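Peer 1: Following the numbering used here, the numbering of the sequence shown begins with 23 at its first residue and continues without gaps. Structure incoming, see below.
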Amino acid sequence: MKPLEPKYAARTEARARLAYAAEAVERAKRLAATASAHLRDLDGRAEEAEANSATELALLIARGGPTAELPATVDDDPGAGR
């Protein structure tokens, strides 16, 4: 096969580069869409977790607060052990 004339070779090379760039753009668009969907999912999970925490806190308050007992002794002089 006879080599292409320089002007045709340049056009062929430019078309190949353009096709490669177009593929790269499409890959980037797909990646951006995937990242966006993942971010929306994470936002939804965060909102759900926040709502669950708020519900648990409201229930805890409604029940009269935490049931953990305080220490029986209170050290009035924090520097006494030194």
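The beta carbon of each residue, even a glycine, is placed where N, CA and C say it ideally should be. From a predicted model like this one, the values you see are computed outputs, not experimental measurements.
Give a yes or no on whether the minimum CB-CB distance between P28 and chain C is below 7 Å.
Peer 2: Here chain C cannot be found, since the structure has a single protein chain.
Peer 1: Would you mind giving the Cβ-Cβ distance between L26 and T34, rounded to the nearest angstrom? I have them listed as a contact below 8 Å.
Peer 2: Contact flag correct, Cβ pair sits at about 7 Å.
Peer 1: Just curious, the alpha helix (DSSP H) that K29 is in, first and last residue?
Peer 2: From DSSP, the alpha helix (DSSP H) with K29 extends over P28 to A84.
Peer 1: For S75 and E69, what's the separation of their Cα atoms in angstroms?
Peer 2: Distance between the alpha carbons of S75 and E69: 10 Å.
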